[in-house]
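Chemist: Supplied in structure tokens, the structure appears directly below.
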Amino acid sequence: MRLAIPLTITFVAGMIMILQFFVPATQSLGESLQEWYMIVASFAIFLGAMNLITVHVHKIRFRAKNWKYSPVTIAGFAAMVLTGLFMGIETGRPFDFMFTTMMVPMGATMFSLLAFFVASAAFRAFRASNWRATLLLASAFIVMLGRVPIGSMIWNRIPLVSEWIMQVPNLAGQRAVMIGAAMGMVATSLRMIFGIERSYLGGTD
Amino acid sequence: MAKFIEKLGTVDRRVIFLLMALAVILPLAFRMNLPIPIEEGPSKDLYDAIEALPPGSRVLLSFDYDPSTMPELQPMAVALAQHLMTKDIKIVSMALWPMGVSLGNEALTMVGDSLGREEYVDWVNLGYKTGGGVLIVRMGSNIQTVFPNDYDGNPIADMPVMEGVNKLGDFDMIISLSAGDPGIPAWVMMAGDRFNIPIGGGCTAVSAPQFYPYLGTGQMVGLLGGLKGAADYETMVRLEEDDAAPGTATPGMAAQSVAHLVIMLFIIIGNIAYLSTKQKKGGLR
Amino acid sequence: MNWEVIGIWLGALLSLSLYSFLYKDNPFYKFAEHLFVGMSAGYWVIYTIMNVLVPNWWQNMVPPSGGFQPIWIIPGVLGLFMLFRLIPKLSSYSRLSLALIVGTGAGLSMTAMLQTNALAQVHGTIISLGTGGGWFDWVSNIIMVTGVVCGLVYFFFSKPHEGVMGGAANVGITLLMVAFGASFGYTVMARISLLIGQTQFLLFDWLPTMGINL
Numbered sequence: 002m003r004l005a006i007p008l009t010i011t012f013v014a015g016m017i018m019i020l021q022f023f024v025p026a027t028q029s030l031g032e033s034l035q036e037w038y039m040i041v042a043s044f045a046i047f048l049g050a051m052n053l054i055t056v057h058v059h060k061i062r063f064r065a066k067n068w069k070y071s072p073v074t075i076a077g078f079a080a081m082v083l084t085g086l087f088m089g090i091e092t093g094r095p096f097d098f099m100f101t102t103m104m105v106p107m108g109a110t111m112f113s114l115l116a117f118f119v120a121s122a123a124f125r126a127f128r129a130s131n132w133r134a135t136l137l138l139a140s141a142f143i144v145m146l147g148r149v150p151i152g153s154m155i156w157n158r159i160p161l162v163s164e165w166i167m168q169v170p171n172l173a174g175q176r177a178v179m180i181g182a183a184m185g186m187v188a189t190s191l192r193m194i195f196g197i198e199r200s201y202l203g204g205t206d
Numbered sequence: 027m028a029k030f031i032e033k034l035g036t037v038d039r040r041v042i043f044l045l046m047a048l049a050v051i052l053p054l055a056f057r058m059n060l061p062i063p064i065e066e067g068p069s070k071d072l073y074d075a076i077e078a079l080p081p082g083s084r085v086l087l088s089f090d091y092d093p094s095t096m097p098e099l100q101p102m103a104v105a106l107a108q109h110l111m112t113k114d115i116k117i118v119s120m121a122l123w124p125m126g127v128s129l130g131n132e133a134l135t136m137v138g139d140s141l142g143r144e145e146y147v148d149w150v151n152l153g154y155k156t157g158g159g160v161l162i163v164r165m166g167s168n169i170q171t172v173f174p175n176d177y178d179g180n181p182i183a184d185m186p187v188m189e190g191v192n193k194l195g196d197f198d199m200i201i202s203l204s205a206g207d208p209g210i211p212a213w214v215m216m217a218g219d220r221f222n223i224p225i226g227g228g229c230t231a232v233s234a235p236q237f238y239p240y241l242g243t244g245q246m247v248g249l250l251g252g253l254k255g256a257a258d259y260e261t262m263v264r265l266e267e268d269d270a271a272p273g274t275a276t277p278g279m280a281a282q283s284v285a286h287l288v289i290m291l292f293i294i295i296g297n298i299a300y301l302s303t304k305q306k307k308g309g310l311r
Numbered sequence: 057m058n059w060e061v062i063g064i065w066l067g068a069l070l071s072l073s074l075y076s077f078l079y080k081d082n083p084f085y086k087f088a089e090h091l092f093v094g095m096s097a098g099y100w101v102i103y104t105i106m107n108v109l110v111p112n113w114w115q116n117m118v119p120p121s122g123g124f125q126p127i128w129i130i131p132g133v134l135g136l137f138m139l140f141r142l143i144p145k146l147s148s149y150s151r152l153s154l155a156l157i158v159g160t161g162a163g164l165s166m167t168a169m170l171q172t173n174a175l176a177q178v179h180g181t182i183i184s185l186g187t188g189g190g191w192f193d194w195v196s197n198i199i200m201v202t203g204v205v206c207g208l209v210y211f212f213f214s215k216p217h218e219g220v221m222g223g224a225a226n227v228g229i230t231l232l233m234v235a236f237g238a239s240f241g242y243t244v245m246a247r248i249s250l251l252i253g254q255t256q257f258l259l260f261d262w263l264p265t266m267g268i269n270l
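Chains as they are written, first to last, in this note's numbering: chain W, 2 to 206; chain Z, 27 to 311; chain S, 57 to 270.
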């Protein structure tokens with residue numbers, strides 16, 4: 002009984018979204034559902050934020066590992082929320098200043114660290130241990146050379162070969178994966194709509 | 027020699043990090059520049075598609091990325107804004123990612139000010155909404171319901187740039203600068219195939235290979251893939267417009283070239299060390 | 057006070073703190089990492105309130121022109137139920153919100169995936185066999201069609217890969233290896249591009265504030 006209502010909601014919402022594709026009369030119902038989806042999905046952000054604060058407060062209370070840095074997380078969160086709410090988010094305001102001068106460089110740096118790790122991983126783990134691995138390596142080398150100006154300086158046809166690899170074997174492989182994943186997604190969506198797949202609802206209490 | 031090669035295989039990773047850093051810093055510090063040949067491909071296809079749009083056309087530009095992928099996508103945003111504004115094409119921008127709003131605003135303001143284009147007349151930033159694909163489908167029937175105001179809270183109803191634009195189908199093209207999900211696939215599925223709107227895109231190099239099937243079927247009109255795509259577009263825009271501001275992607279291509287060669291060298295040395303160790307173990311047996 | 061220079065220094069110091077992780081984990085890195093997490097969460101919360109909840113929910117429920125639209129209470133209540141996930145006694149109410157999200161998303165993506173990622177791709181594969189062009193285009197199209205079919209055979213695990221199936225699966229995995237090699241090449245490019253971007257900031261925006269012009 003406790004699962005009956007959520008499963009019914011899933012079924013009705015799913016069927017409206019499918020039917021509005023084919024039946025014009027369900028269009029307005031579908032549009033309302035789409036607007037409600039945006040609002041309900043937005044509350045998930047608050048869930049994440051509250052969970053973040055709860056975890057860090059818990060860390061401070063129980064002196065867990067790295068607890069001394071938890072006030073930094075909470076202070077950063079509070080600074081953005083308070084300046085955004087009380088001083089506005091327009092260009093030039095403290096909120097925008099903190100985003101541009103602190104969050105943007107930090108975000109860019111976080112992911113740029115991966116360049117070093119990809120170099121280290123390529124050195125240690127990329128092994129041409131069989132002919133297929135060698136084929137993968139050769140394809141990678143041609144594409145890496147083809148995507149930079151130095152490739153055309155070495156041989157003017159490298160960019161063409163690289164583009165052919167992207168437009169023929171790569172396209173074939175990606176298309177096979179895409180079609181397979183689409184079939185899987187359709188099956189999973191139908192299972193969810195008809196209540197066969199219930200893992201998103203958590204436990205069965 | 028064999029011992030040296032084996033030792034190379036066990037070198038401290040911090041040495042690799044240092045070499046990688048030098049491979050990027052030195053070409054940039056010495057302002058090394060390499061010519062960027064423009065080849066036929068997805069970058070040129072996107073450029074040609076935009077060139078074919080008449081002045082006064084309306085393009086929706088969606089900034090679906092955040093600062094972590096800014097080095098690849100922000101140069102694309104600037105080059106595209108330059109091309110569109112120079113051709114007097116109206117830009118309506120939005121974001122499916124919250125941080126894309128500010129980054130997009132930065133690009134549009136910078137280019138708009140340099141070319142004397144007015145906000146609300148030639149371009150507008152509608153801001154961010156949650157929802158991804160669901161949001162796009164809703165915009166397919168009514169944009170004002172989704173975006174009653176722009177990024178700054180001003181009602182969009184009376185803005186000159188929004189005149190005649192009520193739903194997605196009123197746009198002549200949609201371009202998504204995408205770092206993940208929601209992004210290009212959502213636009214292709216929910217806007218391109220559903221409402222028959224030409225879709226162009228710019229994406230990180232990581233995701234570029236997976237969009238080639240869309241290019242092959244014509245579901246996308248063109249694609250800028252990674253920093254090379256951005257550099258290609260900057261070069262094409264500068265070839266047409268003498269006073270186009272220099273971008274940041276083109277100077278980066280020399281560093282990109284050296285770094286690629288260094289990584290290829292690492293892979294070759296790693297494999298030589300591996301083969302040498304394997305041969306030695308095979309010999310011992 | 058030159059806020060631009062202060063901003064550049066803030067960005068540079070935080071970037072270098074994060075880069076210090078490459079030597080080894082240290083307090084500067086941990087500080088910057090924790091700060092970034094907190095600020096990102098705060099940014100998302102503010103943008104969600106200002107860009108979504110206020111214009112699309114509150115102003116629909118309580119329009120600026122006056123009045124009250126009670127229908128909009130429903131998504132508000134469902135949104136609130138989402139937050140009940142944090143309270144163990146009330147967490148079962150969050151299932152109603154999740155059910156709406158999952159049902160809407162599943163219904164929409166089912167039709168879209170089928171049309172865009174399955175049917176259009178199959179159509180594109182078959183149609184390529186009939187397109188014109190020289191012998192090179194013809195050979196490329198054959199390779200492409202063979203690759204798609206054999207790749208799909210490789211992912212079909214309900215039948216053992218023996219005989220003809222096995223042969224086709226072998227061809228499929230071979231072409232997939234070429235595709236994965238191309239993906240690896242692009243991934244390497246992407247990672248290096250991000251490093252180039254940050255290096256440009258440090259070399260051409262930060263160093264000049266100390267009088268070092270490269």
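We treat Cβ as the ideally placed atom computed from N, Cα and C, and that holds for glycine. Here the structure is a predicted model, which is why all the values come from computation and not from measurement.
1. Could one say the Cβ of V137/Z lies closer than 8 Å to chain W's Cβ atoms, at least one of them?
2. Closest to G40/Z by CA distance: which of M167/W, I143/W, A120/W and V187/W is it?
3. Which residue from G267/S, I268/S, E60/S and F77/S puts its Cα closest to that of T110/W?
4. Can you tell me which residues form a DSSP beta bridge with D90/Z?
5. Going along chain C, which residues have a C-beta under 8 Å from D198/Z?
6. Report buried or exposed for L202/W, applying the criterion of at least 16 other Cβ atoms within 10 angstroms of its Cβ.
7. Can you pull the chain Z residues whose beta carbon is under 9 Å from the beta carbon of Q171/S, in chain order?
8. Taking the continuous beta strand (DSSP E) assigned at A121/Z, which residues delimit it?
9. Kindly give me the distance between the Cβ atoms of A174/S and M51/W, rounded to whole angstroms, as I take these residues to be in contact under 8 Å.
10. Using beta-carbon positions only, say whether D176/Z and L152/Z come within less than 8 Å of one another.
11. So which residues of chain S does M102/Z contact, with C-beta pairs closer than 7 Å?
12. Using a Cβ-Cβ distance under 8 Å, would Y38/W count as near chain Z?
13. Quick check on M107/W - is its C-beta less than 8 Å from some C-beta in chain S?
14. Taking only beta-carbon positions, decide if P126/S is within less than 8 Å of chain Z.
15. Could you tell me whether any Cβ in chain Z is nearer than 8 Å to the Cβ of T255/S?
16. Give the single residue among A80/W, V178/W and V105/W whose Cα lies nearest to the Cα of V209/S.
17. Looking at C-alpha atoms only, which residue of I169/Z, P124/Z, M262/Z and M96/Z is the closest neighbour of N63/Z?
18. Does any CB atom of chain Z fall closer than 8 Å to the CB of A116/W?
19. Does any CB atom of chain S fall closer than 8 Å to the CB of I221/W?
20. Taking the alpha-carbon positions, what's the S83/Z to M188/Z distance?
21. May I ask which residues mark the beginning and end of the beta strand (DSSP E) holding I143/S?
22. Who does N175/Z pair with in a DSSP beta bridge?
23. Please report how far the alpha carbon of V237/Z lies from the alpha carbon of I155/W, in whole angstroms.
24. For the ligand NAP, I want to know if G126/Z counts as a neighbour, meaning its beta carbon is within less than 7 Å of at least one of the ligand's heavy atoms.
25. For N131/Z, go through chain W and note every residue whose CB falls closer than 8 Å to its CB, in chain order.
26. Would you tell me roughly how many angstroms separate the C-alpha atoms of S73/S and F84/S, rounded to the nearest one?
27. Do M104/W and P93/Z come within 8 Å of each other at the CB atom, strictly closer than that value?
28. Just to make sure I have the definition right: I need the residues of chain S whose C-beta is within less than 8 Å of the C-beta of T243/Z. Which are they?
29. So what does DSSP say about L249/Z, is it helix, strand or coil?
30. Are the C-beta of V149/W and some C-beta of chain Z separated by less than 8 Å?
31. Should the region 178-195 of chain Z be called in touch with the region 52-61 of chain Z, which here means at least 3 C-beta pairs below 8 Å?
32. Within 10 angstroms of the Cβ of H57/W, are there 16 or more other Cβ atoms? Answer buried if so, exposed if not.
33. Check T205/W in the structure and name its three-state DSSP category.
34. Compute the Euclidean distance between the alpha carbons of G181/W and P174/Z, then round it to the nearest angstrom.
35. Please confirm whether A234/Z and Y103/S have their CB atoms less than 8 Å apart.
36. Below 7 Å on C-beta distance, what does R264/Z contact in chain W?
Modeler: Taking the coordinates as given:
1. The count along the second sequence starts at 1 and reaches residue 137/Z at position 111. By this cut-off, V137/Z is not an interface position.
2. Counting from 1 along the second sequence, the entry for residue 40/Z is found at position 14. Checking the sequence, you will find Arg at residue 40/Z rather than Gly. Taking only the C-alpha atoms, the option nearest R40/Z is A120/W.
3. Taking the first sequence and counting its residues from 1, the one referred to as residue 110/W is at position 109. Selected option, being the one with the closest Cα: F77/S.
4. Your numbering for residue 90/Z matches position 64 in the second sequence. D90/Z is bridged to S204/Z.
5. Protein chains in the displayed structure are W, Z and S, and chain C is not among them.
6. Position 201 of the first sequence, counted from the first residue, corresponds to residue 202/W. Label assigned to L202/W: buried.
7. By one-based count along the third sequence, residue 171/S stands at place 115. Chain Z residues near Q171/S: M215, D219 and R220.
8. Against the second sequence, residue 121/Z aligns to sequence position 95. Looking at the DSSP string, the run of the beta strand (DSSP E) that includes A121/Z is K116 to A121.
9. By one-based count along the third sequence, residue 174/S stands at place 118. By one-based count along the first sequence, residue 51/W stands at place 50. Their Cβ separation, rounded to whole angstroms, is 39 Å, which puts A174/S and M51/W out of contact at 8 Å.
10. Here residue 176/Z corresponds to residue number 150 of the second sequence, with the count starting at 1. Here residue 152/Z corresponds to residue number 126 of the second sequence, with the count starting at 1. A contact, by the Cβ cut-off of 8 Å.
11. As a first step, residue 102/Z must be located in the second sequence, where it is residue number 76. Neighbours of M102/Z on chain S: none; closest Cβ ~11 Å, over 7 Å.
12. Taking the first sequence and counting its residues from 1, one reaches residue 38/W at position 37. Chain Z contact via Cβ: present.
13. Position 106 of the first sequence, counting from 1, holds the residue named residue 107/W. Chain S contact via Cβ: present.
14. Sequence index remark: in the third sequence, residue 126/S carries index 70 (1-based). Chain Z contact via Cβ: absent.
15. Locating residue 255/S in the third sequence gives position 199, where the first residue counts as 1. By this cut-off, T255/S is an interface position.
16. Your numbering for residue 209/S matches position 153 in the third sequence. Ranking A80/W, V178/W and V105/W by Cα distance to V209/S puts V178/W first.
17. Stepping through the second sequence from its first residue, residue 63/Z is reached at position 37. A small fix is needed here, since residue 63/Z is Pro in this sequence, not Asn. Out of I169/Z, P124/Z, M262/Z and M96/Z, M262/Z has the C-alpha closest to the C-alpha of P63/Z.
18. The sequence position of residue 116/W within the first sequence is 115, counting from 1. Yes, A116/W lies at the interface with chain Z (some Cβ there is under 8 Å from its Cβ).
19. Nothing can be reported for residue 221/W, as the shown portion of chain W is limited to 2 through 206.
20. Here residue 83/Z refers to the residue found at position 57 of the second sequence. Here residue 188/Z refers to the residue found at position 162 of the second sequence. For S83/Z and M188/Z, the distance between alpha carbons rounds to 12 Å.
21. Locating residue 143/S in the third sequence gives position 87, counting from the first residue. Here I143/S belongs to no beta strand (DSSP E), and DSSP marks it neither H nor E.
22. Indexing the second sequence from 1 puts residue 175/Z at position 149. According to DSSP, which records beta bridges pairwise, N175/Z is partnered with P181/Z.
23. In the second sequence, residue 237/Z corresponds to position 211, counting from 1. In the first sequence, residue 155/W corresponds to position 154, counting from 1. The displayed chain sequence assigns Phe, not Val, to residue 237/Z. The alpha-carbon atoms of F237/Z and I155/W are separated by roughly 28 Å.
24. Absent from the structure shown: the ligand NAP. Ligands present: none.
25. In the second sequence, the residue the question calls residue 131/Z occupies position 105. Chain W residues near N131/Z: T92.
26. Locating residue 73/S in the third sequence gives position 17, counting from the first residue. Locating residue 84/S in the third sequence gives position 28, counting from the first residue. C-alpha separation (whole angstroms): 5 Å.
27. Numbered from 1 along the second sequence, position 67 holds the residue referred to as residue 93/Z. Numbered from 1 along the first sequence, position 103 holds the residue referred to as residue 104/W. A contact, by the Cβ cut-off of 8 Å.
28. If you number the second sequence from 1, residue 243/Z lands on position 217. Going along chain S in sequence order, the residues near T243/Z (Cβ under 8 Å) are A176, Q177, H179 and G180.
29. On the second sequence, residue 249/Z is found 223 positions in, with the first residue counted as 1. It is a strand residue.
30. Mapped onto the first sequence, residue 149/W falls at position 148. Closer than 8 Å: yes.
31. no
32. Position 56 of the first sequence, counted from the first residue, corresponds to residue 57/W. Buried.
33. Here residue 205/W corresponds to residue number 204 of the first sequence, with the count starting at 1. Residue placement at T205/W is flagged as unreliable, the pLDDT there being 48, under the threshold of 50; a coordinate-derived value is accordingly withheld.
34. As a first step, residue 181/W is located in the first sequence; it is residue number 180 there, counting from the start. As a first step, residue 174/Z is located in the second sequence; it is residue number 148 there, counting from the start. Taking the straight line joining both Cα atoms gives about 39 Å.
35. In the second sequence, counting from the first residue as 1, residue 234/Z sits at position 208. In the third sequence, counting from the first residue as 1, residue 103/S sits at position 47. Contact flag unset, no.
36. Along the second sequence, read from residue 1 onward, the residue named residue 264/Z stands at position 238. Here the premise fails: no neighbours, minimum Cβ distance about 15 Å.
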